[in-house]
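Here's the structure we're looking at; comments come further down.
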Amino acid sequence: MDIYAAVTDRIIEQMEQGIIPWQKPWISNSKAVSHATGKPYSLLNQLMLGHPGEYLTFKQCQEAGGKVKKGEKASMVVFWKWIEQEDEETHEKKEVPFLRYYNVFHIDQCEGVSAKYTTEATFPDGADTLAAAQDIIYDYLSREGVKLLHEEGDRAFYRPATDEVVLPIRKQFMSTAEYYSTVFHELTHSTGHPSRLNRLTRPSFFGTEDYSKEELVAEIGAATLVNHVGLETASSFRNSAAYIQNWLGVLKGDKRFIVSAAGRAEKAVNLILAK
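Start counting at 1 in the sequence shown, then tack on 55, and there's your number in the working numbering.
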């Protein structure tokens, strides 16, 4: 089985239905989690599973005294397995990551099994939510030394040479969620600086694969962070046909693209959140 192709096909399937997998209408304490451990799945698996709640394997369902409902279709969960390989020329041994998978069912697809970890999603609204977003931003800026500037204009960007994020002034944004989404997008770019995660190793230009991959990293990172603080709103979704068609074209051209971008985005988010 070509796992990369299967992962990409799942993401493409959602986008062809008008769903942008990295933009979710729920907040951080309502993720897809393992029924066995209660731990959230990786960011890539969150994108693929598409629904919050507990998931378990066919065997885990049986061991819990339940059964999978007739006709239910399993979902794929992927993980990295490190395998030792020997270099044919140098005979040096090193560990190489390989993508592997297993199948799971949502707890709603099972009978006779009760949820153990799923709780009602709660998150403070208003001032507390904005304070949570501000705390994340200021903590990251002070910890990493990134500069954040506001200038009246029509561009938002990260400048690696000076390690600066430049944004339009606050009143130019249509909504609070859009403002923080833009801040988090550019902060995600800043994690790629050579002194951090070292993604921005060479100049990239619009239309190139490097540019597209970095943009998707920033898109996923921003959506994850806005969702994390509970600011996601319908108005901040960019469900335009052109937006979806653009990413469909990119994903169909490279089956490894989404796997790489999601992995990089997860590292970026963890750095911003100091995990």
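Just so you know, even glycine gets a beta-carbon here, dropped at the ideal spot from N, CA and C.
### Task
Report yes if the C-beta of T184 is less than 7 Å from at least one heavy atom of the ligand FAD; otherwise report no.
Ligands displayed in this structure: none; no statement on the ligand FAD is therefore possible.
### Presumed contact (8 Å Cβ cut-off) between V272 and L242, rounded CB distance
Counting from 1 along the sequence shown, the entry for residue 272 is found at position 217. Counting from 1 along the sequence shown, the entry for residue 242 is found at position 187. With a Cβ gap of about 12 Å, V272 and L242 do not count as contacting.
### Message
Can you list, in chain order, the residues of its chain with a C-beta nearer than 8 Å to that of N158? Leave out the 5 residues immediately preceding and following it.
### Response
In the sequence shown, residue 158 corresponds to position 103, counting from 1. Around N158: T112, F113, A129, S130, M131 and V132.
### Task
Count the other C-beta atoms from every protein chain shown that fall within 10 angstroms of the C-beta of P76, then say buried if there are 16 or more, exposed otherwise.
Indexing the sequence shown from 1 puts residue 76 at position 21. P76 should be labelled buried.
### Query
With DSSP run on the structure shown, which of helix, strand or coil describes D78?
The count along the sequence shown starts at 1 and reaches residue 78 at position 23. Reading off the sequence shown, one finds Gln at residue 78, where the question assumed Asp. Looking at Q78 - three-state DSSP - the assignment turns out to be coil, as it is neither helix nor strand.
### Query
CB-CB under 6 Å to K148, same chain, minus the five flanking residues each way: which ones, in chain order?
For the purposes of this step, residue 148 is taken as residue 93 along the sequence shown, with counting starting at 1. The beta carbon of K148 sits closer than 6 Å to those of E139 and E141, all from its chain and outside the five residues before and after it, given in chain order.
### Message
Only counting the same chain, and skipping five residues up and downstream in sequence, which positions put a Cβ closer than 7 Å to that of F134?
### Response
In the sequence shown, residue 134 corresponds to position 79, counting from 1. For F134, where only same-chain residues beyond five positions count, the Cβ hits under 7 Å are R155.
### Query
Expressed to the nearest angstrom, what Euclidean distance is found between the alpha-carbon atoms of R214 and W137?
As a position in the sequence shown, residue 214 is number 159, starting the count at 1. As a position in the sequence shown, residue 137 is number 82, starting the count at 1. The C-alpha of W137 is placed about 36 Å away from the C-alpha of R214.
### Task
Measure the C-alpha to C-alpha separation of Q69 and E144 and round it to an integer number of angstroms.
Your numbering for residue 69 matches position 14 in the sequence shown. Your numbering for residue 144 matches position 89 in the sequence shown. Answer to the nearest angstrom: the Cα atoms are 44 Å apart.
### Query
Can you tell me the Cα-Cα spacing of R225 and E233, whole angstroms?
The residue labelled residue 225 in the question sits at position 170 within the sequence shown. The residue labelled residue 233 in the question sits at position 178 within the sequence shown. If I take the Cα positions, the gap works out to 10 Å.
### Task
Provide the residue(s) that pair with I138 in DSSP beta bridges, ordered along the chain.
Within the sequence shown, the letter at position 83 stands for residue 138. Paired residues: V151.
#### Entry: Residues sharing a beta bridge with F212, DSSP
As a working note, residue 212 is residue 157 in the sequence shown. Per DSSP, the beta bridge partners of F212 are V221.
### Task
Label Q78 either buried or exposed according to how many other C-beta atoms from any shown protein chain fall within 10 Å of its C-beta, with 16 as the threshold for buried.
Locating residue 78 in the sequence shown gives position 23, where the first residue counts as 1. Burial call: buried.
### Query
With DSSP run on the structure shown, which of helix, strand or coil describes A87?
Walking along the sequence shown from the start, residue 87 turns up at place 32. The answer is strand: DSSP assigns A87 an E or B state.
### Query
G73 to H90, Cα distance in whole Å?
Counting from 1 along the sequence shown, the entry for residue 73 is found at position 18. Counting from 1 along the sequence shown, the entry for residue 90 is found at position 35. Distance from the CA of G73 to the CA of H90, rounded to the nearest whole angstrom, comes to 29 Å.
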